[in-house]
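Engineer:
2 protein chains.
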Amino acid sequence: MNPKNFGAKIRALREAQQISLRKFADKVGISSTYLSKVERDEFPPPGEETVKKFALALNQNPDELLALAGKVSSDLPAIIQQRPREMASFLRTASEMSNDEIVKLQKFVEKMKRPT
Amino acid sequence: MNPKNFGAKIRALREAQQISLRKFADKVGISSTYLSKVERDEFPPPGEETVKKFALALNQNPDELLALAGKVSSDLPAIIQQRPREMASFLRTASEMSNDEIVKLQKFVEKMKRPT
DNA sequence: ACCACTGTACAGTAGATAGTACACAGTTGT
DNA sequence: ACAACTGTGTACTATCTACTGTACAGTGGT
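Structural data, given as structure tokens:
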């Protein structure tokens, strides 16, 4: 919920890859100084595009990494805006569901997706 | 999608209420100058809280008015961040659904909501 | 004629977001 | 010993967001 350990996570993943701060910064197109501060959570997480580059370079799910950064991929708000009432209602209902119920819902959606 | 006619909508609704620009501005707690520019789409739509006050004062659905403003209520991103993968997947699937399918999905969710 | 009201033009601003450049200290390899 | 790394402290900065205050011109009523 709070982006308190975003930086720590990035650092851990980067170190697991044995890549230096500077090289990683170059790879994702930011300055090493900035990356240093972000990794120590001295600066807040970077913008959406940069976080997505992190995810790509570190083999992480972009949506999860964005969540850790306290953000969401901007295509999702865009989808909500297509059908604001329905989507808002869905999400608010889903937020009160148990894990079991979420799984049921997922399965239902999966079924609908399959070509009839 | 683009917030091009947000202002025009606000102006139309305000005029339908027969309330002056200044009075409406006071009511929602912004300056009349700002409201003037917003209504003529010379300035982009205001922030989330202000749009919600517009909705309240004009009897509009907040999620719809926010959508017209190119925004989403901040509780929705927060919900997505609780279960980023599931919610992102759900939304991206839902974005490809027909209206019929959305209705079916809504009914399914309604059923789940009912106290067992 | 005057006053109060209508909307608008002009000129700003405080705070947040997403970064940058430069310089430096400590560690490692040869 | 010194070159080439490693990460970090300091000091900015540009752009965006979400507004404000003052002043003014046009319209309507008395």
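Protein chains in written order, with our numbering: chain W, 4 to 119; chain P, 4 to 119.
Where a beta carbon is used, it is the ideal one built from N, C-alpha and C, also for glycine.
For Gln85 (chain W), name the three-state secondary structure that DSSP assigns.
Structural biologist: Sequence index remark: in the first sequence, residue 85 (chain W) carries index 82 (1-based). Looking at Gln85 (chain W) - three-state DSSP - the assignment turns out to be helix.
Engineer: Are Ala58 (chain P) and Leu68 (chain P) closer than 7 Å when you measure CB to CB?
Structural biologist: The residue you call residue 58 (chain P) lines up with position 55 of the second sequence. The residue you call residue 68 (chain P) lines up with position 65 of the second sequence. Yes.
Engineer: Any Cβ of chain P within less than 7 Å of the Cβ of Phe111 (chain W)?
Structural biologist: Within the first sequence, the letter at position 108 stands for residue 111 (chain W). With 7 Å as the cut-off, Phe111 (chain W) counts as an interface residue toward chain P.
Engineer: Just to make sure I have the definition right: I need the residues of chain P whose C-beta is within less than 7 Å of the C-beta of Leu59 (chain W). Which are they?
Structural biologist: Your numbering for residue 59 (chain W) matches position 56 in the first sequence. Chain P residues near Leu59 (chain W): none, gap ~16 Å exceeds 7 Å.
Engineer: Where does Arg43 (chain P) sit, in a helix, a strand or coil, going by DSSP?
Structural biologist: Residue mapping note: residue 43 (chain P) aligns to position 40 of the second sequence, counting from 1. Reduced to three states, the DSSP call for Arg43 (chain P) is coil.
Engineer: Return helix, strand or coil for Pro118 (chain P), following the three-state DSSP convention.
Structural biologist: Position 115 of the second sequence, counted from the first residue, corresponds to residue 118 (chain P). Coil.
Engineer: Any contact between the stretch 93-100 of chain W and the stretch 85-101 of chain P? By contact I mean 3 or more CB pairs, one from each, below 8 Å.
Structural biologist: Short answer: they touch.
Engineer: Tell me the rounded alpha-carbon separation between Pro47 (chain W) and Ala28 (chain W).
Structural biologist: For the purposes of this step, residue 47 (chain W) is taken as residue 44 along the first sequence, with counting starting at 1. For the purposes of this step, residue 28 (chain W) is taken as residue 25 along the first sequence, with counting starting at 1. Answer to the nearest angstrom: the Cα atoms are 16 Å apart.
Engineer: Shorter than 7 Å from the beta carbon of Ile13 (chain W) to some beta carbon of chain P?
Structural biologist: As a working note, residue 13 (chain W) is residue 10 in the first sequence. Judged by the 7 Å Cβ criterion, Ile13 (chain W) is not in contact with chain P.
Engineer: Output, in sequence order along the chain, the residues in the stretch 80-100 of chain P whose CB is closer than 9 Å to any CB in chain W.
Structural biologist: The stretch 80-100 of chain P vs chain W, Cβ under 9 Å: Pro80, Ala81, Ile82, Ile83, Gln84, Gln85, Arg86, Pro87, Arg88, Glu89, Met90, Ala91, Ser92, Phe93, Leu94, Arg95, Thr96, Ala97, Ser98, Glu99 and Met100.
Engineer: Can you check whether the CB of Lys74 (chain W) is closer than 7 Å to the CB of Pro65 (chain W)?
Structural biologist: Numbered from its first residue, the first sequence carries residue 65 (chain W) at position 62. Numbered from its first residue, the first sequence carries residue 74 (chain W) at position 71. Against a cut-off of 7 Å, the Cβ pair of Lys74 (chain W) and Pro65 (chain W) comes out as no contact.
Engineer: Cβ of Glu42 (chain P) within 7 Å of Cβ of Ile13 (chain P)?
Structural biologist: Residue mapping note: residue 42 (chain P) aligns to position 39 of the second sequence, counting from 1. Residue mapping note: residue 13 (chain P) aligns to position 10 of the second sequence, counting from 1. In contact: Glu42 (chain P) and Ile13 (chain P) (Cβ atoms closer than 7 Å).
Engineer: Just to confirm my understanding: we take Glu104 (chain W), look at its own chain, exclude 5 residues before and 5 after, and list those with CB closer than 8 Å. What are they?
Structural biologist: As a working note, residue 104 (chain W) is residue 101 in the first sequence. Nothing listed; no residue qualifies.
Engineer: Can you have a look at Gln20 (chain P) and say buried or exposed, based on whether 16 or more other CB atoms are within 10 angstroms of its CB?
Structural biologist: Here residue 20 (chain P) refers to the residue found at position 17 of the second sequence. With fewer than 16 other Cβ atoms within 10 Å, it is exposed.
Engineer: If you draw a straight line from the alpha carbon of Arg86 (chain P) to that of Gln109 (chain W), how long is it in whole angstroms?
Structural biologist: Taking the second sequence and counting its residues from 1, the one referred to as residue 86 (chain P) is at position 83. Taking the first sequence and counting its residues from 1, the one referred to as residue 109 (chain W) is at position 106. Whole-angstrom Cα-Cα distance: 12 Å.
Engineer: Determine, using beta carbons only, whether Asp66 (chain W) comes closer than 7 Å to chain P.
Structural biologist: Counting from one through the first sequence, the residue named residue 66 (chain W) turns up at place 63. Answer yes: the Cβ-Cβ gap between Asp66 (chain W) and chain P drops below 7 Å somewhere.
Engineer: Express the C-alpha separation of Leu79 (chain P) and Leu16 (chain P) in angstroms, rounding to a whole number.
Structural biologist: Numbered from its first residue, the second sequence carries residue 16 (chain P) at position 13. Numbered from its first residue, the second sequence carries residue 79 (chain P) at position 76. Each residue's alpha carbon lies about 26 Å from the other.
Engineer: What distance in whole Å lies between the Cβ atoms of Asp44 (chain P) and Ala11 (chain P), which are believed to be in contact at a cut-off of 8 Å?
Structural biologist: To locate residue 11 (chain P), count along the second sequence from 1; it is residue 8. To locate residue 44 (chain P), count along the second sequence from 1; it is residue 41. The Cβ separation is near 7 Å, so the contact holds.
Engineer: To the nearest angstrom, report how far apart Pro6 (chain P) and Glu18 (chain W) are at their CA atoms.
Structural biologist: Indexing the second sequence from 1 puts residue 6 (chain P) at position 3. Indexing the first sequence from 1 puts residue 18 (chain W) at position 15. Its pLDDT being 46, under 50, Pro6 (chain P) is placed unreliably in this model, and the coordinates cannot settle the point.
Engineer: Distance cutoff 7 Å, beta carbons only. Does Lys1 (chain W) sit that close to anything in chain P?
Structural biologist: A query on residue 1 (chain W) cannot be resolved here, the shown segment of chain W reaching from 4 to 119 and no further.
Engineer: Measure how close the beta-carbons of Ala70 (chain P) and Gln84 (chain W) come, nearest whole angstrom, since I'm counting them as under 8 Å.
Structural biologist: Along the second sequence, read from residue 1 onward, the residue named residue 70 (chain P) stands at position 67. Along the first sequence, read from residue 1 onward, the residue named residue 84 (chain W) stands at position 81. About 4 Å separates the two Cβ atoms, so the contact holds.
Engineer: If you drop the 5 nearest sequence neighbours on each side, which residues of the same chain put their C-beta closer than 7 Å to that of Met4 (chain P)?
Structural biologist: To locate residue 4 (chain P), count along the second sequence from 1; it is residue 1. Annotation note: pLDDT 38 at Met4 (chain P) (below 50); position unreliable, coordinate value reported separately. Cβ neighbours of Met4 (chain P) beyond the five flanking positions: none.
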